[in-house]
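This report refers to the structure that appears directly beneath it.
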Amino acid sequence: MPLTLEQVLALAATSAVIILVPGPSVLFVVGRALAHGRAAALASVLGNSLGSLGAALVIAVGLGPVLQRWDVALEVVKLAGAAYLVLLGVQALRGAGHTPGTAPGPAGGPERSAGRAVRAGVLVGVSNPKVFVLFAAVLPQFVDPAAGPVPVQMALLSLVPVLIGLVCDSGWGLLAARVRSAFLGRPARLRTVTRVGGASMIALGVVTAVTGRHR
Numbered sequence: 000m001p002l003t004l005e006q007v008l009a010l011a012a013t014s015a016v017i018i019l020v021p022g023p024s025v026l027f028v029v030g031r032a033l034a035h036g037r038a039a040a041l042a043s044v045l046g047n048s049l050g051s052l053g054a055a056l057v058i059a060v061g062l063g064p065v066l067q068r069w070d071v072a073l074e075v076v077k078l079a080g081a082a083y084l085v086l087l088g089v090q091a092l093r094g095a096g097h098t099p100g101t102a103p104g105p106a107g108g109p110e111r112s113a114g115r116a117v118r119a120g121v122l123v124g125v126s127n128p129k130v131f132v133l134f135a136a137v138l139p140q141f142v143d144p145a146a147g148p149v150p151v152q153m154a155l156l157s158l159v160p161v162l163i164g165l166v167c168d169s170g171w172g173l174l175a176a177r178v179r180s181a182f183l184g185r186p187a188r189l190r191t192v193t194r195v196g197g198a199s200m201i202a203l204g205v206v207t208a209v210t211g212r213h214r
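So for the sequence shown, numbering that gives the first Met the number 0 puts the first residue at 0; every next one is plus one.
Written out as structure tokens, the structure is:
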């Protein structure tokens, strides 16, 4: 076993400090919860976790420095994620005037909507600057080259912050979904909550598009 309990606990403590500070992932999940409810929020959390894990595995196998020099590819990923966030926000604003269950949505019903939420989460995960800071700068400090293959340790250790993020983001999403549920019997206030969720996704998309990768 290439990992020790001390490694895992130390990384968990450090990761928790970073992850508990609300960032793009939290804003995205809260926006989805306010605009569409619990199911959309949890699907978004799943997608975000998958995107973060994918970025972590790329860094673990040693492609991080290559991608950091591949500015065009990273810019395309970032802008694609930003554009999708704006689109989701606009759709939420357009649907805010409808009562729950009657808002227009994509053909295919809940399953397709869940798929869209997961894909959006993946884009947010791979374009989140905190992900690259955590996995490219922080996580390597907990690797012991003498304990085994570094890529294997990196891949296994990356599961720690991903799981912490999954739990934390789910908590934020469920809390925001409860706020939305409290207004289900009050259409005017529910429309306001939905618009806040949509506006937050648009704002996050704009910030993502205009902010550089290095912070």
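Note that the Cβ used here is the ideal one computed from N, Cα and C, for glycine as well. As the structure is a computational prediction, the values presented were derived from the model and not from experiment.
- Counting only runs that start and end inside the segment 4-75, the alpha helix (DSSP H) elements of at least 4 residues fall at 4-18, 23-35, 37-59 and 63-68.
- Val159 sits in a helix when the DSSP states are folded into three classes.
- Residues of the same chain with a CB within less than 6 angstroms of the CB of Trp171, apart from the 5 flanking positions on each side, are Val25, Val28 and Val29 in chain order.
- Here DSSP, grouped into helix, strand and coil, assigns Phe134 to helix.
- Spatial neighbours of Ala32 in its own chain (CB-CB distance under 6 angstroms, excluding positions within 5 residues in sequence) are listed in chain order as Ala40, Gly172, Ala175 and Ala176.
- In the structure shown, Phe182 falls within a coil segment according to DSSP collapsed to helix, strand and coil.
- In the three-state reduction of the DSSP assignment, Gly147 falls in the coil class.
- Its chain contains Val142 as the residues whose beta carbon lies nearer than 6 angstroms to that of Val149, once the 5 sequence neighbours on both sides are disregarded; these appear in chain order.
- Approximately 3 angstroms separates the beta-carbon atoms of Gly197 and Ala91; this is inside 8 angstroms, confirming the contact.
- If you draw a straight line from the Cα of Leu86 to the Cα of Ala202, it is about 11 angstroms long.
- Excluding its 5 nearest sequence neighbours in each direction, Val7 has C-beta neighbours in its own chain below 8 angstroms: Leu156 and Val159, listed in chain order.
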